[in-house]
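Which chain is which? The protein sequence lines are L and E, in order. Yeah, the first sequence ends on 199 if you go by full-length UniProt numbering, and it's all consecutive. Yeah, the second sequence ends on 199 if you go by full-length UniProt numbering, and it's all consecutive. Below: the structure, in structure tokens.
2 protein chains.
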Amino acid sequence: MSRPVVEFWFEFASTYSYLSVMRIERAAAAADVDIEWKPFLLGPVFLALGWNDSPFNIYPPKGRYMWRDLERLAEKEGLPFRRPSRFPRNGLLAARVALVGVEEGWVAPFARAVMTANFAEDREIGEEAVIVEILGTLGLPGAEVITRAQADANKLALRCQTERAAELGLFGAPSFRVGEELFWGNDRLEDALAWARRA
Amino acid sequence: MSRPVVEFWFEFASTYSYLSVMRIERAAAAADVDIEWKPFLLGPVFLALGWNDSPFNIYPPKGRYMWRDLERLAEKEGLPFRRPSRFPRNGLLAARVALVGVEEGWVAPFARAVMTANFAEDREIGEEAVIVEILGTLGLPGAEVITRAQADANKLALRCQTERAAELGLFGAPSFRVGEELFWGNDRLEDALAWARRA
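Now the structure itself:
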């Protein structure tokens, strides 16, 4: 029998994706579930809903609440958190690199390092130099990986994955899929893992 | 020492308020926390954010997800659920009656009965006859309560409570407040209770 699988759809600019990226491998291991990492871009998904910015910026009461909620949740999880001086940051390059990481098996530590840079260290993850440095700390050849990430085929793969997200009915991140079943938000990670085990 | 208190802000048309109304008294009793019931109307709060309808209607992917999520959560909680044939229903009269119930000490069973009518029995809770019947099943004098609920002072009290919700930064329901701390969504009930105990 094959092991249960949860698809993990996340975006590097997304605050609640930070929480899930940091804890999903531990939670999945404890539940004996495999994770398929699905980096994508929220920008096009939000545009299709009529938002040209993060809803947390468009609707200030939601934004004020979210930053406080995130601070509380990070404390509860024992995660470092510093409110980024820019939000949302551009997650395009990081998402392209993450797709290479999915193929090569290092997406999880890469994603944790980028999320930590964005949400705990207030670093500019949209800049190539920052991504190259992160790759270096993971023992990966930064320049080579960037070249692979920026190749046309990989750019297209990310575009297709983002279109697929909208087709699947995703409207935010993180989202989890088990078969046809969709779970939205860091709060639903445990439910998604349980669903995969029972499916 | 006084017992810890959580303010519970809810709206009868709100799907996730259904889940919280049905479980909050049991959860609060287990945590040794008192609940202050704060019925209010989401309509004016949403209008201030630019929404003239429920966001679940305005953004179809969010709506599709919400109905499935609610179905799953109701099953998990062992709650009956039938998708209402009209959404959102008008919760104005029920909210006015609930304010009377807060004064007279029967708001909790009344709220559970109205929520069950809306989200498990597909009944038209905006109609006076339905509310009168629900009051009757609770052993309350329906016509008298309606008269009190529709008195100018009570109407004004609900209007003020709704304006207060927006002032406090609420943007959805259910919401919970502990001192100045805001928690949004049925998923945060346990966190709000824990915060009240530690505060």
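Yeah, the Cβ is synthetic: ideal placement off N, Cα and C, and Gly gets one too.
Distance cutoff 8 Å, beta carbons only. Does residue 38/L sit that close to anything in chain E?
Interface criterion not met: the Cβ of residue 38/L is under 8 Å from no Cβ in chain E.
Whole-angstrom distance between residue 180/L and residue 103/L, CA atom to CA atom
24 Å
Residue 67/L versus chain E: which residues are under 7 Å apart at the beta carbon?
Near residue 67/L there are no residues of chain E at all, since even the closest Cβ is about 12 Å away, more than 7 Å.
At which residues does the alpha helix (DSSP H) containing residue 175/L begin and terminate?
Here residue 175/L belongs to no alpha helix (DSSP H); instead the beta strand (DSSP E) covers 175-178.
Can you tell me the Cβ-Cβ gap for residue 178/E and residue 6/E, rounded? I've got them flagged as a contact below 8 Å.
6 Å
From residue 81/E to residue 52/E, what does the alpha carbon distance come to, in whole angstroms?
26 Å
Under three-state DSSP, which class holds residue 12/L?
It is coil, neither helix nor strand.
Take residue 186/L as the anchor and find which of 77/L, 41/L, 95/L and 159/L has the nearest alpha-carbon.
77/L
Do residue 171/E and residue 188/E have their C-beta atoms within less than 8 Å of each other?
no
Tell me, please, whether the CB atom of residue 34/L is closer than 8 Å to any CB atom in chain E?
no
Is it right to say residue 47/L is buried, meaning 16 or more other beta carbons lie within 10 angstroms of its own, or is it exposed?
exposed
What residues of chain E sit near residue 59/L, judged by a beta carbon separation below 7 Å?
49 and 171
Under 6 Å Cβ to Cβ from residue 126/E, same chain only, skipping five residues before and after it: list those, please.
89 and 90
Using a 10 Å radius around the Cβ and a threshold of 16 neighbouring Cβ atoms, would you call residue 122/L buried or exposed?
exposed
Excluding the 5 residues preceding and the 5 following residue 94/L in the sequence, name in chain order all residues of the same chain whose CB lies nearer than 7 Å to its CB.
12, 114, 125 and 131
Boundaries (first-last residue) of the beta strand (DSSP E) holding residue 182/L
That run of the beta strand (DSSP E) goes 181-184.
Leaving out five residues before and five after residue 84/L in sequence, what residues of the same chain have Cβ atoms less than 7 Å from its Cβ?
Once the five neighbours on either side are set aside, the close Cβ partners of residue 84/L are 118, 119 and 122.
Which complete alpha helix (DSSP H) runs does the stretch 104-157 of chain E hold, if anything under 4 residues is left out?
107-119, 128-137 and 142-149
Could you tell me how far apart the beta carbons of residue 66/E and residue 116/E are, in whole angstroms, since I believe they sit closer than 8 Å?
Not a contact, Cβ separation roughly 19 Å.
Determine which residues of the stretch 161-187 of chain L have a Cβ less than 7 Å from any Cβ of chain E, and write them out in chain order.
The residues in question are 169, 171, 182, 184 and 187.
Ignore the nearest five residues each way along the sequence and tell me which others in residue 166/L's own chain have a CB closer than 8 Å to its CB.
44, 45 and 48
In chain E, what lies closer than 9 Å to residue 198/L by C-beta?
Correct list: empty, because the minimum Cβ distance to chain E is about 12 Å.
Residues in the stretch 71-92 of chain E having any Cβ partner in chain L nearer than 7 Å
none
Using a threshold of 8 Å, state whether the C-beta atoms of residue 157/L and residue 99/L are closer than that.
yes
Less than 8 Å between CB atoms is the rule here; does residue 214/E satisfy it with respect to chain L?
Nothing can be reported for residue 214/E, as the shown portion of chain E is limited to 1 through 199.
How about residue 62/E: is its C-beta nearer than 8 Å to some C-beta of chain L?
Residue-level contact by beta carbon holds for residue 62/E and chain L, with a gap shorter than 8 Å.
DSSP three-state assignment for residue 33/L, whether helix, strand or coil:
Here residue 33/L carries a coil assignment [DSSP, helix/strand/coil].
Range covered by the alpha helix (DSSP H) that runs through residue 41/L
Looking at the DSSP string, residue 41/L is not in any alpha helix (DSSP H), and its letter there is neither H nor E.
Smallest Cα separation from residue 25/L: which of 145/L, 107/L and 147/L?
Minimum Cα distance to residue 25/L is reached at 107/L.
Taking the alpha carbon of residue 137/L as the point to measure from, which residue in 149/L, 160/L, 112/L and 154/L has its own alpha carbon closest?
112/L
Could you give the C-beta distance for residue 73/L and residue 19/L, rounded to a whole number, given that I count them as a contact under 8 Å?
6 Å
Less than 8 Å separating the beta-carbons of residue 10/L and residue 36/L?
At a Cβ-Cβ threshold of 8 Å, residue 10/L and residue 36/L do not count as neighbours.
C-beta neighbour in chain A for residue 24/E, strict 8 Å:
Within the model displayed, chain A is absent; protein chains L and E are what it includes.
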